[in-house]
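Per UniProt numbering: the sequence shown = residues 1 to 285. No residue lacks a Cβ here, since even glycine has one placed at the ideal position from N, Cα and C. Nothing here was measured: the structure is a model prediction, and the numbers come from that model.
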Amino acid sequence: MKKTTILLSLALLLVSAIGEVFAQKGKLYTFPIGMQAYTYRASFPKGVAATLDTLKMLGVTELEGGAAKGTTPEEFRKMCEERGIKIPGTGGGYEQLVKDPAAAAKTAKLLGSSYLMCAWIPHKVKGGFTFEEAKKAVDDFNMIGKVLKENGITFCYHNHGYEFQPYEDGTLFDYIVKNTNPEYVSFELDILWAFHGGAEPVSLLKKYGKRFKLIHLKDLRNGVKGDLTGGTPLINDVVLGTGQVDVAGVIKEAKKIGIKHYFIEDESPTWYEQVPKSIAYLKSL
1 MKKTTILLSL ALLLVSAIGE VFAQKGKLYT FPIGMQAYTY RASFPKGVAA
51 TLDTLKMLGV TELEGGAAKG TTPEEFRKMC EERGIKIPGT GGGYEQLVKD
101 PAAAAKTAKL LGSSYLMCAW IPHKVKGGFT FEEAKKAVDD FNMIGKVLKE
151 NGITFCYHNH GYEFQPYEDG TLFDYIVKNT NPEYVSFELD ILWAFHGGAE
201 PVSLLKKYGK RFKLIHLKDL RNGVKGDLTG GTPLINDVVL GTGQVDVAGV
251 IKEAKKIGIK HYFIEDESPT WYEQVPKSIA YLKSL
């Protein structure tokens, strides 16, 4: 608990100091500050309430994620709401969603979520995602999305980079978008993983527009070369606006489309130092 308190104090000091640098508030980012719960995966097990207190003090009002370990969806939602935090989106594993999408929808509703995302398609070879695997995912996503819609939840697939394998005149990601039913399947754009996989996030938003409903805000360290593995060392997650991804350009285009939910996801070992700086960056836009 003492360590958590110290980290919270350091975070608040950073927010205050960086806030002075960005005294002139920007007008581009006009959305709630959202956070992917995975960013605080090392913090939640040490104290759910303390972690949520930290998020509140940082100004986070939207969270994407499931109930923290040791809490029920109802309990976790209540703890968040007591701190002015909503949970517009949650997630589910591929196999879990294929097996029982209705149960996943029920959990999402208990959390107060309108969106449920899947962030990984199982595939046998790292860096070798195949057409057959993409085709199966299309069939599964159409089924999952239909059940979720019937239960009042919007299904989103979250790209992870490996889907940008070349296919015909585009990529397997293009194949997935074009062959899933827009009525049942939407997408969450993870801008780091899109860039790492060789795609241009702004171009994807322009190409597929309203198929995207959610955004993961992440930045990739300068000099890092991407590939199709869907993986990179955690230290390559850097403060928003300091890496290779055109974060401001993404937000500008996403705003045109009408996307309302943006979640910072920082997988770095020093998330507690980086997150306040990323928040300050968004506020400066």
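Close Cβ partners of residue i (< 6 angstroms) along its chain, the five nearest in sequence each way excluded
i, result
"LYS126", "THR229"
"THR188", "First, the residue type needs correcting, since residue 188 is Glu and not Thr in the sequence shown. Excluding residues within five positions, the ones whose Cβ falls inside 6 angstroms are MET117, CYS156, HIS158, LEU214."
"GLY249", "VAL202"
"GLN24", "Confidence at GLN24 is low in this model, with a pLDDT of 47, below 50, so the placement of that residue is unreliable and no value is reported for it."
"VAL238", "ASP219, ARG221"
"ASP266", "THR39, ASP237, GLN274, VAL275"
"ASP140", "VAL98"
"GLY145", "PHE155, TYR184, VAL185"
"VAL60", "ILE33, MET35"
"HIS216", "ASP190, PHE263, GLU265"
Nearest-angstrom beta carbon gap, residue j and residue i [assumed within contact, 8 angstroms]
i, j, result
"ARG77", "LEU111", "5 angstroms"
"ILE33", "LYS56", "In fact, because the Cβ distance is near 11 angstroms, the residues do not count as touching under 8 angstroms."
"LEU234", "SER278", "LEU234 to SER278, Cβ: 15 angstroms. No contact."
"GLN165", "PHE129", "5 angstroms"
"LEU205", "ILE257", "6 angstroms"
"THR232", "HIS196", "6 angstroms"
"PHE263", "GLN36", "4 angstroms"
N- and C-terminal bounds of the alpha helix (DSSP H) containing residue i
i, result
"TYR157", "Run containing TYR157: none in the alpha helix (DSSP H); it sits in the beta strand (DSSP E), 154-158."
"TYR281", "271-284"
"GLN96", "94-99"
"VAL247", "247-257"
"PHE212", "Segment 212-217 is the beta strand (DSSP E) holding PHE212; no alpha helix (DSSP H) there."
"TYR208", "201-208"
"GLY145", "131-150"
Contact set for residue i: own chain, Cβ-Cβ below 7 angstroms, skip 5 residues either direction
i, result
"LYS260", "PHE31"
"VAL48", "ALA68, GLY70, THR71, MET79"
"ASN142", "THR180, ASN181, TYR184, VAL185"
DSSP-derived helix/strand/coil call for residue i
i, result
"GLU265", "coil"
"GLU183", "coil"
"PHE76", "helix"
"HIS123", "coil"
"THR51", "helix"
"VAL239", "coil"
"LYS56", "helix"
"GLN24", "Because the pLDDT at GLN24 is just 47, under 50, the model does not fix this residue reliably, and the point stays unresolved."
"residue 291", "Residue 291 is absent from the model: the chain starts at 1 and stops at 285."
"LEU111", "helix"
"THR39", "helix"
"ASP190", "strand"
"TYR167", "strand"
"GLU82", "coil"
Continuous beta strand (DSSP E) stretch holding residue i: start and end
i, result
"LYS86", "86-91"
"LEU116", "115-118"
Where residue i falls, given that 16 or more other Cβ within 10 Å makes a residue buried
i, result
"ILE176", "buried"
"THR180", "buried"
"THR270", "exposed"
"LEU240", "buried"
"PHE131", "exposed"
"GLY243", "buried"
"ALA42", "exposed"
"GLU163", "buried"
"GLU81", "exposed"
"ASP190", "buried"
"LEU28", "exposed"
"GLY161", "buried"
"GLY223", "exposed"
Heavy atom of the ligand FMN within 7 angstroms of residue i beta-carbon
i, result
"LEU217", "Annotation note on the ligand FMN: not contained in the displayed structure, which lists no ligands."
Cutoff 8 angstroms: residue i Cβ touching any chain B Cβ
i, result
"TRP193", "This model lacks chain B altogether; it includes just one protein chain."
Cutoff 8 angstroms; reference residue i; Cβ partners in own chain excluding five residues on either side
i, result
"VAL147", "PRO101, ALA102, ALA105"
"THR138", "Sequence inspection shows Val at residue 138; the Thr mentioned does not correspond to that position. Cβ within range, chain order: TYR175, ILE176, ASN179, THR180."
"GLN93", "The residue asked about is misnamed: residue 93 is Gly in this sequence, not Gln. Excluding positions up to five away in sequence, the list reads CYS118, TRP120."
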